[in-house]
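Those letters in the sequence shown? Residues 81 to 556, by the numbering used here.
Don't be surprised by glycine CBs; every beta carbon is placed ideally from N, CA and C.
The structure presented is a predicted model; accordingly, all values stated were derived computationally and were not measured.
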Amino acid sequence: MLPRPGWAATLPRVAVVGAGISGLAAAHYLRTLGGGAVEVTVYEKSPRAGGAIVTDLSQGIPLEGGPDSLLVRKTAGVGLVRELGLGDNLMATHPGARGADIFHEGVLYPIPPGLIAGVPSSPAALLDSGLLGPQGKRDLMRGRRPRPRRAGGDVSLGELLAYHLGPEVVDRIAAPLLSGIYAGDIWQLSARATYPQLLEWEQRYRSLIAGRAAMPPPPPGPRAPIFMTPRQGLESVVQALVGALSPQIRLNTPVDALVPQGTEFQVHTRSGVDVVDAVVLAVPATEAARLSAEVEPAAAALLGTIPYAPLAVVGLVFDPGDIELPVGKTGALVPKGEELFLTAATYVTQKWPYGEEGAVPVRVFYGRSGDDRAVAMSDEDLAALSLTELARLTPVPGSPRYVRVFRHRPGMPQYTVGHEERVQALEKCLGGWPRLRVCGSAFHGVGVPDCIKDGRAQAEALIGQFAGGSPGIKQA
Ligand SMILES: Cc1cc2nc3c(=O)[nH]c(=O)nc-3n(C[C@H](O)[C@H](O)[C@H](O)COP(=O)(O)OP(=O)(O)OC[C@H]3O[C@@H](n4cnc5c(N)ncnc54)[C@H](O)[C@@H]3O)c2cc1C
81 MLPRPGWAAT LPRVAVVGAG ISGLAAAHYL RTLGGGAVEV TVYEKSPRAG
131 GAIVTDLSQG IPLEGGPDSL LVRKTAGVGL VRELGLGDNL MATHPGARGA
181 DIFHEGVLYP IPPGLIAGVP SSPAALLDSG LLGPQGKRDL MRGRRPRPRR
231 AGGDVSLGEL LAYHLGPEVV DRIAAPLLSG IYAGDIWQLS ARATYPQLLE
281 WEQRYRSLIA GRAAMPPPPP GPRAPIFMTP RQGLESVVQA LVGALSPQIR
331 LNTPVDALVP QGTEFQVHTR SGVDVVDAVV LAVPATEAAR LSAEVEPAAA
381 ALLGTIPYAP LAVVGLVFDP GDIELPVGKT GALVPKGEEL FLTAATYVTQ
431 KWPYGEEGAV PVRVFYGRSG DDRAVAMSDE DLAALSLTEL ARLTPVPGSP
481 RYVRVFRHRP GMPQYTVGHE ERVQALEKCL GGWPRLRVCG SAFHGVGVPD
531 CIKDGRAQAE ALIGQFAGGS PGIKQA
């Protein structure tokens, strides 16, 4: 008989593997929606919870090492923050924010207004941007009267956008905009999994520009915030979740293996073996592949096909006067192929209304799909490179008083062409194991709200299973 330390005998026991936001959300909703009738344990390999979410508060103003914003339209994010009692801490982006610039051949150009995935509602917005050469402008004008695209099914965003707007719009405008979200290669990212509305526009209007133009204008009056973040940083959300769950979170406890045992699962860690009724794998897909191999090899094989792009964020904190930020600008984006390695920079105090804090934090991003040269550098070299490159974007007369390098490995999952079909195939494979759930950024959206929604969905599915009292479940 295998030991079952800490488990009540009569309640269904769930192991959540991974204490990133997906795993924490799954555990939170198992607890709250399960009405206390589910025993949850969260296993986390690292000494801290939060995964990609990490906030450094040492400089008196939050310095985010991972995500810094919640898309309000995807309500699971701000919804959870409010549920946790942190709603009053939410702030919208700076009212004076005037957007970011795009770096092209040593010059900074404002991002043209009104774009969705790089698609304007009229070519004029891009023609006047300064970012396109004569050929790019000709291609763009042709996009107003496209021939029907023959290919059906999924297609890369790059291919779709290039067909309608020309390759220069893709490489110089759409790719840097989208790399901020997916850190991916636009020529490989799936249109269906990332921007399905582009395929709808194409079907309905034949022209993407016409589709974008047909979108209703925003209602008059003050605009609702698009992004929000907690004033104390996103890790405050993690802390609130950890506070509510804390006795059930086991840090420094990597799960080494998962072994099926009848209708139950053995969870192997270095401190022993726990037997549980259900498992939520909330780890990167590469790790979920390893852990599910003994349970369902076909699912493991599919999980192993999801690629990742490693990322690094260099946080630099300056004293006022040691860096001169362009007024109102929230940062800059650098397309692939330019002379700078960095992919983006964020001017934190111009993106978020922290007020006069006596510190000027800047975040510099490195890492692209298929190119981990910058991320492979030492912290010292990366910090030095980021400072040199930042000075190409904005004057830096002084030196930072604080530098911290945050690394993300495996990094950002890549939704390459065919992603949705692969996820559907995965879910079909796992259909025979209703008590083994996978969730996280690799499947139904990379954003924090997507991860929270996915974690909640897996919790609800398990609660439904337990309520059904199917075999193997201990009734309370
Ligand atoms: C630099 C960066 C900026 C981003 N910016 C934004 C943004 O502004 N807005 C937004 O919405 N999204 C953003 N994202 C995306 C978002 O932050 C992530 O997709 C999300 O946080 C991923 O959460 P997760 O729980 O799925 O995975 P993770 O955060 O990767 O968590 C997985 C956890 O599993 C643990 N683990 C792995 N293996 C094991 C094991 N064997 N046993 C136990 N534990 C294990 C890991 O240690 C980790 O804690 C950004 C991401 C990055 C990297």
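Identify every residue that forms a DSSP beta bridge with residue i.
i           : result
residue 411 : 180, 426
residue 352 : 349
residue 344 : 341
residue 333 : None; residue 333 has no bridge partner.
residue 97  : 123, 361
residue 532 : Partner(s): none; residue 532 has no beta bridge.
residue 57  : Because the chain spans 81 through 556 in this model, residue 57 falls outside it and cannot be assessed.
residue 546 : Partner(s): none; residue 546 has no beta bridge.
residue 143 : 136
residue 236 : 270
residue 199 : 196
residue 71  : Outside the modelled stretch of the chain, which goes from 81 to 556, sits residue 71, for which no answer is possible.
Helix, strand or coil, according to DSSP, for residue i in the structure here?
i           : result
residue 358 : strand
residue 523 : coil
residue 119 : strand
residue 421 : coil
residue 87  : Note on residue 87: pLDDT 42, under 50, position unreliable in the model; no value is reported.
residue 153 : coil
residue 488 : strand
residue 327 : helix
residue 124 : coil
residue 363 : coil
residue 482 : strand
residue 404 : coil
residue 188 : strand
residue 446 : strand
residue 221 : helix
residue 309 : strand
With residue i and residue j assumed to form a contact (beta carbons below 8 Å), what rounded beta-carbon distance in angstroms separates them?
i           : j           : result
residue 405 : residue 468 : Incorrect: roughly 17 Å between the Cβ atoms, too far for contact.
residue 396 : residue 144 : At roughly 13 Å, the Cβ-Cβ gap does not stay under 8 Å, so residue 396 and residue 144 are not in contact.
residue 94  : residue 103 : With 8 Å as the limit, residue 94 and residue 103 do not qualify as a contact, their Cβ atoms being about 11 Å apart.
residue 382 : residue 505 : 6 Å
residue 499 : residue 270 : 5 Å
residue 241 : residue 220 : Contact flag wrong, Cβ pair sits at about 11 Å.
Please determine whether the Cβ atom of residue i lies at a distance below 7 Å from any heavy atom of ligand 2.
i           : result
residue 221 : Because ligand 2 does not appear in the structure shown, any question about it cannot be addressed here, the ligands present being ligand 1.
Quick one: does the C-beta of residue i sit closer than 7 Å to a heavy atom of ligand 1?
i           : result
residue 396 : no
residue 351 : no
residue 305 : no
residue 257 : no
residue 495 : no
residue 171 : no
residue 125 : yes
residue 308 : no
residue 132 : yes
residue 488 : yes
residue 335 : yes
residue 359 : no
residue 362 : yes
residue 373 : no
residue 492 : yes
residue 465 : no
residue 148 : yes
residue 99  : yes
Would residue i be called buried (16 or more neighbouring beta carbons within 10 Å of its own) or exposed?
i           : result
residue 112 : exposed
residue 215 : exposed
residue 360 : buried
residue 106 : buried
residue 400 : exposed
residue 252 : buried
residue 431 : buried
residue 407 : exposed
residue 90  : exposed
residue 283 : exposed
residue 447 : buried
residue 83  : Note that residue 83 scores 34 on pLDDT, short of 50, meaning its location in the model is unreliable and no value can be drawn from it.
How about residue i: is its C-beta nearer than 8 Å to some C-beta of chain B?
i           : result
residue 217 : Here there is only one protein chain, and chain B is not present.
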